[in-house]
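Residue numbers (my numbering), protein chains in the order written: chain A, 503 to 931; chain B, 19 to 336; chain C, 1347 to 1638. Heads up, the thing below is written out as structure tokens.
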Amino acid sequence: MQQGGNVERRTILKAAGASLAVAGIGATATACGGDSGSGDGTVELRYAWWGGEPRTIAIKKTIALFEKKFPKIKIKPEFTDYEAFWEKFQTQASGGNPPDVFQNAVGFLRKYDKRGVLLDLKAQADAGNLSLDNFRNGVLANGQVDGKQIAVPVGANTMALVIDLKAFEKAGVEAQFGWTWDEYFAALQTIQDKLKIAGDTGYFSIMYLYDLYLRQNGKAFFTDSDLGFTEDDLTQWWEDGYKRVKSGLVADPKKVEQAKPKSALSAGLAASEFTWDNFSIRYEGEGESDYGLAPIPTTDGKDTGQYLGSLMLSAFSGTKHPKEVAQFIDFMVHDPEVGEIMGYDRGILATTEQYDAFKPADANNKGVAAYEDEVAKAGVLGKITPHPSGADVIEAAFLRIGGEVAQGKTKPADAAKALFSEAKAAFAG
Amino acid sequence: MTLVKEAPARPAGKRSAAPAAGRRGRRRENLAGYLFMSPWIAGFLLLTAGPMIASLYYAFTSYNLFTPPRWIGLDNFTTMFQDPRWQKSVEVTLKYVVVATPLKLLLALGVALLLAQRRRGQGLYRAAFYMPSLIGASVSVGFVWRALFSDDAVVDRTQKIFGLDVGGWIGNPDYVIYALVALSIWQFGAPMVIFLAGLKQVPQELYEAAEMDGAGPLRRFWNVTLPMISPVLFFNVLLESIHAFQVFGSAYVVSDTRCGPADATLVYTCYLYQKGFKEAQMGFASAMAWTLVIAVALVTAVLFWSQKKWVHYEEAAK
Amino acid sequence: MTSATTSPALSAAKGRRRHGSIVWHVGALAVLAVVLYPVIWVIGASFKPSKDIIASLDLLPTAPVWENFSGLADGISGISIGSFFWNSLMYAVLAVIGVVLSSSLTAYAFAKIRFAGRNLLFTLMIGTLLLPYHVLLIPQYVLFRNLELTDTLVPLVAGKFLATEAFFVFLMVQFMRGLPRELDEAAKLDGCGHLRTYWSIVLPLSRPAIITSAIFTFINAWNDFMGPLIYLNTPEKYTVSLGLMMFRDQEGVSNYGSMIAMSLVALVPVVAFFMAFQRYLIDGMATSGLKG
């Protein structure tokens, strides 16, 4: 079909159940624009995301807003939790039946690009259906792979250290910008000595933290198609980690495991934990103490290795309505009202329109905003490094094998070997 | 129990019928048989045999769901046998089967013996004992189990009374499997009901006769009950072993979905699920599944072979 | 036993029996207490504040709260709790109907009709008992997707209507074999066809086996997680088991309180169904196990 065909087509079908009539008429699996228009021109898009209840309620509001402004487009929401989302997505996508628009994350871009699932939104942007302007701090690049725009960021987040404020205060230690790993572990030691609790919950099993550490040392976790470090690097990292478990600086992995699904930090087993800054809301909800965001320790006293990651929206390459999909994404990332509704649930709002529209009111959101501000001001934000296909599998393997090291079930050298062998399989998959 | 002798092949009164009619009758029986069977046949072809053949094919391919399966011969199997996680999953599963199945059947039989006596409130007791099996492997069971088997919780305190101090089981790779076993034992309702059904059918006269001979309760159990219910016992052993090999849900909820810590609850199907649905290695997963099928078939064959030695079937039941 | 017992002996026997009865009840209750402890924990947990549920050591809440239950009235993520229950009920009821109809038809053929190839098919059917369902999952998914039947109940219940649950077929076959052959011989002499014999004689007599299958089917469908997870996409079509997962939030604050409360409420229909029919359970199993 021709581009720019926004003409309502009443010619084909005038079915009573308009929403049912969307089914494949004149479907094109390419991104060349043009809709397949049904009876009265109404199209239905499936929109899927993962997340908890607050996110779902907020998104549903934004959908209502969108449908009001675009009465010809109906949105059918699908939502579950993270784990179920990706399992479902995989089975659906393999069957050529994924949702038209869906939430996406950096670790999955290449994987599904390689499998031909993701729509290059550049064509739609060129056609004027989607604006790629006004993204803050260059986060738009997070959705680019090999020159294609296969995802559009809705928010920006970064790794952070969440600390138990009361514990830090009681022990008389302070987290400072630019502190080194030695200073960080010394602080944990003080906490352990004074409060008899561990300092950390198991930092060495978090792939994204190791990534920061590597970046501080001029490397990165991934290259375009491989791991960006050596088996020896990892052996060292895990040996240090295990030493700290044995000395009690890192919480007993048995207790950490047992506290799940609660985090060991909110369970009071340790005084700090590394995670994404926009996840930090969970600690207040789960734990008894007060929690705050603290800077990532550094190697050289300056560079934290941090970068802005993103939750994004992607579209299915085989969607029958690429134009409407683009319009929808455009609305979701640029509309100020949407920004006001969503807040920082999926990270700091990615576009200036939305960022300006939302004024954080509660302590958590304010904290997150201040944190990213501070990081940005420190000028340490680097560029995101590649996440090859298989990154998601490797992240899970890193967590699992790191856990085995912590439990003393696998020697660091064997563990590193195991990770490399699993990574090889994951890249090939 | 109704003891029925197989009826003679042809009704005696109809012997005068011509052989042609007999053939027609047989054809009609065939037709009726297949008509009645048609749902099953459709289901078997469509939902069982077809998918089985497909997965058998996948087992010899590299298949990530997206690109068409690529034939790689026995590679999946050789990789699998060398894969330390696969070996671990076999070890975990065998441990689970060997420990959980007998204990579960023992408890089921014990409670069934208790409930087989005619007492007031029997139905209520039966329902109450069945309760755990109604809950299934739901998320709340996961929470309870994780809570009960944590440090300082009821199990930990109880074991300390007996001088055992290993701490909570949930976070300990060496013990968490027993928490899983406990969950399996806890849900003993189905074998209990089957035992009850078996016990109900032991002729009362046999007990009375044994009592006349001066046999005590233990002797009566050993000489009367056990032989009489041995077919039921066999059936339960068979069913529960097969189930134990395929356990998934309980490992999934008890370990908070990861079948850990340190792969300590990585039962076979959990690994299969991770490989297939999380990593999309369908070829590998299919090879795993078929290996499991063969293993279960072997175990079944051994059980059937062994039943000649210890299962007593009544003559009339044929 | 014998009518010639003298009265003191009789009362002694009675006394012994009463004594035995007390011992029996005490023993049964003791075992029951252990068995039901986790159930009581769940009930207790449903009255604890959401924060206190994970890794909570106490059996009962210190200060019971109602918020977990009252919170259910608001639904989750804009979907009413009733919708989950309705979907689960539809699934379970359809599954029961499907299993009862198809399995009894198949079982009748195996038990009562002598047709060529019967033994082979019976062996095949028993063989399917051994299959781990994971083997079939992906090819089945591909099949239903090609038929455009995902996001409906069809993939979940199709197997039930096509007698793929070998265990129930087996159960019914064994039961029907145990029915006196004279009955259907008589029916045949009266000129009844197989359909009539099945419908008016064998089916009613097989009630215990049918109800037993129905109970198990209902429980399994009600608790099924994997099936709905794979096939249902629209949250409004989710069953209770999927709905429960919606209280979870890996990135934010999970509402474990309402999750536990809902899982408790979800127990009510299964327990009710079980209580209503459990007296048939033993009879239904009765003839099945005894023959190899």
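Just so it is clear, CB atoms sit at the ideal spot from N, CA and C, and this is done for glycine as well. Just so you know, these numbers come straight off a predicted model, no measurement behind them.
Neighbourhood of residue i by C-beta, 6 angstroms cutoff - its chain only, sequence neighbours within 5 removed
i, result
"A/Pro579", "Tyr549"
"A/Lys764", "Glu788"
"B/Phe252", "Gln325, Val329"
"C/Met1347", "Residue confidence is low: C/Met1347 scores 39 on pLDDT, short of 50, so the model does not pin down where it sits. Its coordinate-derived value is still stated next. Closer than 6 angstroms at Cβ, skipping near neighbours: no residue."
"A/Thr532", "Here A/Thr532 scores only 31 on pLDDT, less than 50, and its place in the model should not be relied on; the value that follows carries that caveat. Once the five neighbours on either side are set aside, A/Thr532 has no close Cβ partner at all."
"B/Phe322", "none"
"A/Cys534", "Confidence in A/Cys534 is poor, its pLDDT being 31 and thus under 50, which makes the residue's placement too unreliable to answer from."
Within chain A, the residues that residue i reaches when beta carbons sit closer than 8 angstroms
i, result
"B/Arg164", "Gln760, Lys762"
CB contact below 8 angstroms: residue i versus chain C
i, result
"A/Val584", "A small correction: the amino acid at residue 584 of chain A is Tyr; Val does not occupy that position in the sequence shown. True, the Cβ-Cβ gap to chain C drops below 8 angstroms."
"B/Asn48", "yes"
"A/Asn599", "yes"
"A/Lys825", "no"
"B/Ala233", "no"
"A/Arg784", "yes"
Residues near residue i in its chain [Cβ-Cβ closer than 8 angstroms; skip 5 each side]
i, result
"A/Asn636", "His836, Thr853, Thr854, Glu855"
"B/Ala228", "Arg237, Arg238, Asn241, Val242"
"A/Ile843", "Ala560, Lys563, Thr564, Leu567"
Residue-chain proximity (residue i, chain B), Cβ-Cβ < 8 angstroms
i, result
"C/Ser1600", "no"
"C/Asn1569", "yes"
"C/Ser1402", "yes"
"C/Thr1452", "yes"
"C/Thr1510", "yes"
"A/Glu589", "yes"
"C/Arg1553", "no"
"C/Thr1474", "yes"
Closer than 7 angstroms at the beta carbon, the chain A residues around residue i
i, result
"B/Asn190", "Lys756"
For residue i, three-class secondary structure by DSSP
i, result
"A/Thr582", "strand"
"A/Ser538", "Because the pLDDT at A/Ser538 is just 43, under 50, the model does not fix this residue reliably, and the value given afterwards should be weighed accordingly. Reduced to three states, the DSSP call for A/Ser538 is coil."
"A/Asn659", "strand"
"A/Leu771", "coil"
"C/Ile1400", "coil"
"A/Met814", "strand"
"B/Arg175", "helix"
"B/Phe206", "coil"
"B/Arg88", "strand"
"A/Asn606", "strand"
"B/Ser80", "strand"
"A/Val654", "strand"
"C/Tyr1479", "coil"
"C/Trp1412", "coil"
"A/Gln691", "helix"
9 angstroms Cβ cut-off: residues of chain C touching residue i
i, result
"B/Pro150", "Val1381, Leu1382, Pro1384, Val1385"
Listed by chain order, chain B residues near residue i by CB distance under 7 angstroms
i, result
"C/Ser1367", "Arg137"
Under 9 angstroms from the C-beta of residue i: neighbouring residues of chain B
i, result
"A/Glu555", "Correct list: empty, because the minimum Cβ distance to chain B is about 16 angstroms."
"A/Glu906", "Pro191, Gly278, Pro279, Ala280, Asp281"
"C/Ser1448", "Pro57, Trp58, Gly61"
Minimum Cβ-Cβ distance from residue i to chain A less than 8 angstroms
i, result
"C/Met1631", "no"
"B/Asp274", "yes"
"B/Asp170", "no"
"C/Tyr1487", "yes"
Other residues of its chain near residue i: CB distance less than 7 angstroms, five sequence neighbours each side excluded
i, result
"A/Gly794", "Ile665, Leu667, Gly869"
"C/Leu1508", "Ser1448"
Within chain C, partners of residue i - CB distance below 8 angstroms
i, result
"B/Phe54", "Leu1451, Thr1452, Tyr1454, Ala1455, Ile1459, His1540, Tyr1544"
Cross-chain neighbours of residue i in chain C, by beta carbon under 7 angstroms
i, result
"B/Trp187", "None at all; the shortest Cβ gap to chain C is about 13 angstroms."
Neighbour list for residue i in chain A, Cβ cutoff strictly below 9 angstroms
i, result
"B/Leu83", "Gln592, Thr593, Ala595, Ser596, Gly597, Arg617"
Legend entry - contact_flag[the segment 795 to 815 of chain A, the segment 733 to 750 of chain A] where n(CB pairs < 8 angstroms) is 3 or more: no
Inset, instruction - Could you say if the segment 281 to 295 of chain B and the segment 1454 to 1467 of chain C meet the contact criterion of at least three C-beta pairs nearer than 8 angstroms? - result: no
Legend entry - the segment 797 to 808 of chain A / the segment 870 to 885 of chain A touching (three or more Cβ pairs under 8 angstroms): yes
Inset, instruction - State whether the segment 1447 to 1461 of chain C contacts the segment 49 to 56 of chain B, with contact taken as three or more CB pairs (one from each stretch) at a distance under 8 angstroms. - result: yes
Inset, instruction - Decide yes or no for the touch test of the segment 1538 to 1554 of chain C against the segment 555 to 563 of chain A: beta carbon pairs closer than 8 angstroms, at least 3 of them. - result: When C-beta atoms of the segment 1538 to 1554 of chain C are compared with those of the segment 555 to 563 of chain A, fewer than three pairs fall below 8 angstroms, so the two segments do not count as touching.
Legend entry - Meets three-Cβ-pair contact criterion under 8 angstroms: the segment 1585 to 1594 of chain C and the segment 171 to 189 of chain B: no
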